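So the sequence shown is numbered by full-length UniProt numbering: it starts at 1 and just counts up by one.
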Amino acid sequence: MDGLATKADYAQALRGYQNAVEEMRSPDRDEVERADWLPETREGDATGFFPRRRVAPRAAKDSRLEGHDPPQRVSSLAIPYSTPTMICGACERELPEDAYSAEQRGRRQSIRRCEECVDSGNQLVLMKKGSTRSEEDECPICSLPLPLDRKQSSSQVCCMKRMCNGCVLAAHQRGIRGCPFCRTKKPKKSQTSQTLAMVQKRFDAGDPAAIYLLANKYDRGKYGLEKDVARAVELYERAAELGVKEAHYNLGCTYYEGVDVKKDTAKAIRHYEAAAMRGHVAARYNLGCEEYNAGNYDLALQHWMISASLGDRDALNEVKEMFTSGLATKADYAGALRCYQSAVEEMKSPDRDEAEQYKRDRRSRAMDRSPDDGELDQYFVPGRERWPSRF
């Protein structure tokens with residue numbers, strides 16, 4: 001009537017309604033309905049007409065309904081609740097609980113699979129996403145994947161671009177003293193107020209990378225800012241909403257460690273999963289640690305296989321140890337090794353090799369410094385209990 005539906009929509013609805021009504025009809029039901037509407041003459045009543053009665057005792061006394069059970073009132077308490085449902089982490093359908101095995105019902109939604117997905121081998125969405133590195137993980141100058149060791153790359157506060165040390169050194173050798181990407185003159189390391197002003201300018205423009213970087217500085221108490229974890233978490237959350245996977249990762253570390261914030265492992269895992277599905281290698285490794293410690297060896301292996309395929313040597317070592325322990329097959333380890341070697345080769349270049357040699361030479365002269373003034377360090381705790389600190 002309001003032009004919000006077509007004639008065909010109404011015709012289809014009408015046909016469906018008529019079919020449903022016909023299915024609900026029966027001779028007994030028709031007789032009950034007819035008897036309930038028959039007029040009942042009472043003394044002193046001239047018309048013999050009374051409105052339709054809905055009370056069960058009235059129908060029971062009607063001689064014309066003899067042989068039929070009187071209609072009964074149904075208490076709302078007697079109406080069964082709907083069957084509890086759960087969302088499958090593979091097909092993402094909302095299914096009844098009995099569509100899952102007892103083991104799967106005990107898992108959180110992101111790692112839960114219905115029996116149909118288990119039988120068909122349908123992978124979890126968590127494992128489908130983030131198995132390759134994204135474009136933002138590439139150096140904007142040479143377009144090669146950035147090294148996983150963040151000491152081998154540098155972040156520029158002027159344009160918020162992160163580039164490999166090979167390109168930074170090559171630009172320096174060509175006489176470029178500013179940013180290799182945008183050519184902006186970089187403040188000296190001691191000029192923290194100028195550096196902070198450049199970050200603030202990008203922050204005011206709504207740059208997600210600047211929001212993340214400022215959060216990191218509050219988290220670490222850098223650029224002349226007083227350490228303020230609460231403010232850092234607030235900015236990390238904002239950057240995470242804008243899709244910055246490092247923000248998700250750092251939130252995961254923050255909530256998992258529980259330093260200056262309330263420890264919340266469940267929230268930490270959610271942020272690690274969000275980062276991993278965006279291609280964050282360390283977050284993926286951490287999820288493998290968590291699943292291994294929980295006894296979910298199949299999931300731990302999948303996480304570490306993905307992490308190894310992105311170039312994480314620690315993950316490769318974990319797959320190797322699972323193989324020697326009988327928790328992974330020889331094919332699993334061989335596949336992880338091939339993918340790891342391929343990822344490492346993709347991250348290599350002559351300029352990067354030269355930059356590493358340059359750093360080694362400086363170390364030998366007791367001048368161990370990175371060419372990046374704004375470098376962020378990443379620290380690791382060895383072994384399966386390793387949970388990388390924020391960076």
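Note that CB positions come from ideal geometry on N, CA and C, so glycine has one too.
It should be emphasised that the depicted structure is a prediction, and the values quoted were computed from it without experimental measurement.
### Message
I'd like to check one pair, residue 164 with residue 153: are the Cβ atoms closer than 8 Å?
### Response
When the beta-carbon positions are compared, residue 153 and residue 164 come within less than 8 Å of each other.
### Query
What number of angstroms, rounded off, separates the C-alpha of residue 306 from the C-alpha of residue 243?
For residue 306 and residue 243, the distance between alpha carbons rounds to 21 Å.
### Message
Can you check which of these residues, 344, 129, 91, 95, is closest to residue 302 by C-alpha distance?
### Response
For the residues 344, 129, 91, 95, the minimum Cα distance to residue 302 belongs to 129.
### Message
In whole angstroms, give me the CA-to-CA distance for residue 122 and residue 223.
### Response
Here the alpha carbon of residue 122 sits roughly 48 Å from the alpha carbon of residue 223.
### Query
Thinking C-beta only, is residue 316 closer than 8 Å to residue 337?
In this structure, residue 316 lies closer than 8 Å to residue 337 by Cβ.
### Query
In three-state terms, what does DSSP make of residue 154?
In the three-state reduction of the DSSP assignment, residue 154 falls in the strand class, which pools E and B.
### Query
Which partner residues does residue 164 have in the DSSP bridge list?
In DSSP, residue 164 forms a bridge with 153.
### Message
Residues in the same chain with beta-carbon distance under 6 Å from residue 109, minus the five sequence neighbours each way, listed in chain order, please.
### Response
Around residue 109: 87, 89.
### Message
Taking 8 Å as the threshold (C-beta atoms), are residue 239 and residue 269 in contact?
### Response
Contact annotation: residue 269 and residue 239 have beta-carbon atoms that are not nearer than 8 Å.
### Message
My output table needs one value for residue 306: the three-state DSSP class, helix, strand or coil.
### Response
Assigned with DSSP and collapsed to three states, residue 306 falls in helix.
### Query
Helix, strand or coil: which one does DSSP assign to residue 211?
Residue 211: helix per DSSP, three-state reduction.
### Message
As a quick exercise: from 155, 127, 250, pick the residue whose alpha carbon is nearest that of residue 198.
### Response
When only C-alpha atoms are compared, the closest one is 155.
### Task
Can you give me the start and stop residues for the beta strand (DSSP E) that residue 85 sits inside?
Counting along the chain, the beta strand (DSSP E) containing residue 85 begins and ends at 85-87.
### Message
Assuming the contact rule is C-beta atoms closer than 8 Å, residue 113 and residue 124 should be a hit. Round their C-beta distance to whole Å, please.
### Response
At roughly 7 Å, the Cβ-Cβ gap stays under 8 Å, so residue 113 and residue 124 are in contact.
### Query
With a CB to CB cut of under 7 Å and the five nearest residues on each side skipped, what residues in its chain are close to residue 178?
Cβ-Cβ distances below 7 Å link residue 178 to 184, 185, 186 in the same chain, with the five nearest sequence neighbours on each side left out; the list follows chain order.
### Task
Might you give, ordered along the chain, the residues of its own chain that have their beta carbon closer than 7 Å to the beta carbon of residue 392, omitting 5 neighbours on each side?
The displayed coordinates of the chain run from 1 to 391. Any statement about residue 392 would go beyond what the structure contains.
### Task
Compute the beta-carbon to beta-carbon distance between residue 252 and residue 137, rounded to the nearest angstrom, for a pair I have assumed lies under 8 Å.
Contact doesn't hold; Cβ gap of about 18 Å is too wide.
### Query
Exposed or buried, what is residue 19 when buried is set at 16 or more other beta-carbons lying within 10 Å of its beta-carbon?
By the 10 Å Cβ count, residue 19 comes out exposed.
### Query
Quick one: is residue 147 buried, meaning 16 or more other Cβ sit within 10 Å of its Cβ, or exposed?
Buried, since its Cβ has 16 or more Cβ neighbours within 10 Å.
### Query
Hey, residue 395 and residue 283: beta-carbon distance below 8 Å or not?
There is simply no residue 395 to check, as the chain begins at 1 and stops at 391 in what is shown.
### Query
Looking only at its own chain, which residues have a Cβ that is under 6 Å from the Cβ of residue 218, when we skip the five neighbours before and after it?
The residues are 225, 228, 231, 232.
### Query
Which residues does DSSP pair with residue 95 in a beta bridge?
Note: residue 95 sits in a beta bridge opposite 86.
### Task
Just mark residue 168 as buried or exposed, buried being the case when its beta carbon has 16 or more other beta carbons within 10 Å.
So residue 168 ends up on the buried side.
### Message
Once the 5 residues before and after residue 171 are set aside, which same chain residues still bring their CB inside 6 Å of it?
### Response
Closer than 6 Å at the Cβ level, and outside the excluded window around residue 171, lie 180.
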